[in-house]
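Residue numbers (full-length UniProt numbering): 1 to 393.
So the structure is just underneath, and the comments pick up after that.
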Amino acid sequence: MILDATPDRLLFFDTTLRDGEQSPGCSMTQHEKLAMAHALEDLGVDILEAGFAISSEGDFAGIQAVAKEIRQPRITSLARAKREDIERAAAALEHAERSRIHIFLASSDIHLQYKLKMSREEALEQVAKSVRLARTYVDDVEFSPEDSTRTEIDFLCKMVQVAIEAGATTINMPDTVGYSVPNEYGAMFRTVRERVPGADKVIFSSHCHNDLGLAVANSLAAIDGGARQVECTINGIGERAGNAALEEIAAALIVRADQYPVEHGLKADQLFPASQQLAKVISFAPSPNKAVVGSNAFAHEAGIHQHGVLSNPLTYEIMTPASVGVPTNRMVLGKHSGRHALRSRLHDLGYQLAAPDLDAAYRAFTELADKKKAIYDQDLINLVAHHKRHEDL
Ligand code: KIV
Ligand code: ZN
């Protein structure tokens, strides 16, 4: 359970345009980034990470365009803990209504030793210098100790303390390689918040990758541990197996509000439109069985389920499709379907069959369904017409 049972505000930090975009098949043009940024604004995200300003001229221009046009969310750019990155991020964000610079530096020994070739002391110095420099440009600075979950806890606390003392306002502790499990990730937030002086003055944030399929569960555990910002992406796109899926975190908070008494500013009926918008601008759609927004998320094929849902959707649906912006649920006719669903679909197609005719239609339908993966409306129309001609309907 959450530490404090009183409702309070959770910030949604969307990184579809940065961590999401840097994964295979997901790069976007400036025009596509802008279209996606509008969908994210309509959805009501609090912070929108528009890119990594120093990474390319195109990314710089993309962030600049988003910063000029998108007014509601706070716009941020990622920056390494380096002067040139921070200056580039600040320049890209110049026209934003509200901006943030997001600085990261690895904290785990494996990253310090093999990637950065830097001692712990040097890393702490660089964090302090970079955060102080960023604060000369903006009053909102996020710092992420990259690979937090594989960092020795005393050193993680030290790095977080240095960042807070230098002026960081948000501390994000990423599970960069998707290594953590929920108990451990939640506990890390509790420990750091308890141990680090000044921790009560900043917002803690989760950022989870999905290498073990635990990104959403870990994000929820972080909320339990006191995080009040979650970093996530639409459709869960992102490096390797992706980032925590925004729509899944949102749905869990809404459906299980009894477990997570936090408020947020999302308009849940914009979740599906945002997912669809993303699918238009990258090279793949979410998998059909993707929670909340996949094409099967509100589809029912099994006869027992269809009968239940036709009687009362709550039997097999824990949220209404409309609540997350999906136009309708779907009764898919296949070999597992029953008479109720067939009658209901035939009724929608304008056929009202008496009981014996429905029995005959159902027999013909199951024979056909055994041979086909999906039954379309035209199949049913043909089936009724055929049997009418042969007078067995
Ligand atoms: O996964 C990660 O550690 C990141 C940081 C840059 C926040 O994306
Ligand atoms: Zn990441």
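Just so you know, even glycine gets a beta-carbon here, dropped at the ideal spot from N, CA and C.
Shown here for Leu78: same chain residues with a beta carbon closer than 6 Å to its own, the five before and five after excluded, namely Arg18, Phe52 and His102 in chain order. If the five residues before and after Ala279 are omitted, its C-beta is found closer than 6 Å to the C-beta atoms of Ala285, all from its own chain and listed in chain order. For Asn172, the enclosing beta strand (DSSP E) begins and ends at Thr170 to Asp175. Bridge pairing for His207: Pro174 and Glu231 [DSSP]. DSSP lists Leu105 as the bridge partner or partners of Pro145. Between Asn210 and Ala241, the CB-CB gap stays under 8 Å. Glu146 and Phe104 do touch by the CB rule: their CB atoms are close to 5 Å apart, below 8 Å. Assignment of Glu97 by DSSP, reduced to helix, strand and coil, places it in the coil class. Put simply, the stretch 193-203 touches the stretch 156-163. At least three CB pairs are less than 8 Å apart. From the listed residues Ser23, Leu112, Met36 and Thr29, the smallest Cα separation to Ala274 is found for Met36.
For Leu11, the enclosing beta strand (DSSP E) starts and ends at Leu11 to Asp14. For Glu49 against Thr76, the beta-carbon gap comes to about 5 Å, under 8 Å, which counts as contact.
When DSSP states are grouped into helix, strand and coil, Ile70 belongs to the coil group.
The DSSP-derived three-state label of Val138 is coil. Below 8 Å, too few C-beta pairs join the stretch 356-367 and the stretch 314-321 to call them touching: fewer than three. Note: Ile47 is bridge-paired with Phe13 and Arg74 in the DSSP secondary-structure output.
The C-beta of Leu314 has fewer than 16 other C-beta atoms within 10 Å across all chains shown, which makes the residue exposed. At the C-beta level, Thr15 and Asn296 stay beyond 8 Å of one another. Ile234 and His305 have their alpha carbons spaced roughly 29 Å apart. Excluding sequence positions up to five before and after Arg88, its CB lies within less than 6 Å of the CB of Ala53 and Ile54, all in the same chain and listed in chain order.
Judged by their CB atoms, Leu214 and Pro174 are not nearer to each other than the 8 Å cut-off. Note: Ala299 is bridge-paired with Arg330 in the DSSP secondary-structure output. In the displayed model, Asp258 falls within coil according to three-state DSSP, outside both helix and strand. DSSP places Arg190 within a helical segment (H, G or I) once states are collapsed to three. A residue is called buried once 16 or more other Cβ atoms fall within 10 Å of its Cβ, and Asn382, having fewer, is exposed. Between Glu32 and Val281, the CB-CB gap stays under 8 Å. CA-CA distance, Val216 to Ala245, rounds to 7 Å. For Asn218, the uninterrupted alpha helix (DSSP H) segment begins and ends at Ala215 to Asp224. With a 10 Å radius around the Cβ and a threshold of 16 neighbouring Cβ atoms, Asp85 comes out buried. For His209, the CB falls within less than 7 Å of some heavy atom of the ligand ZN.
Distances from the CB of Asn235 to the heavy atoms of the ligand KIV are all 7 Å or more.
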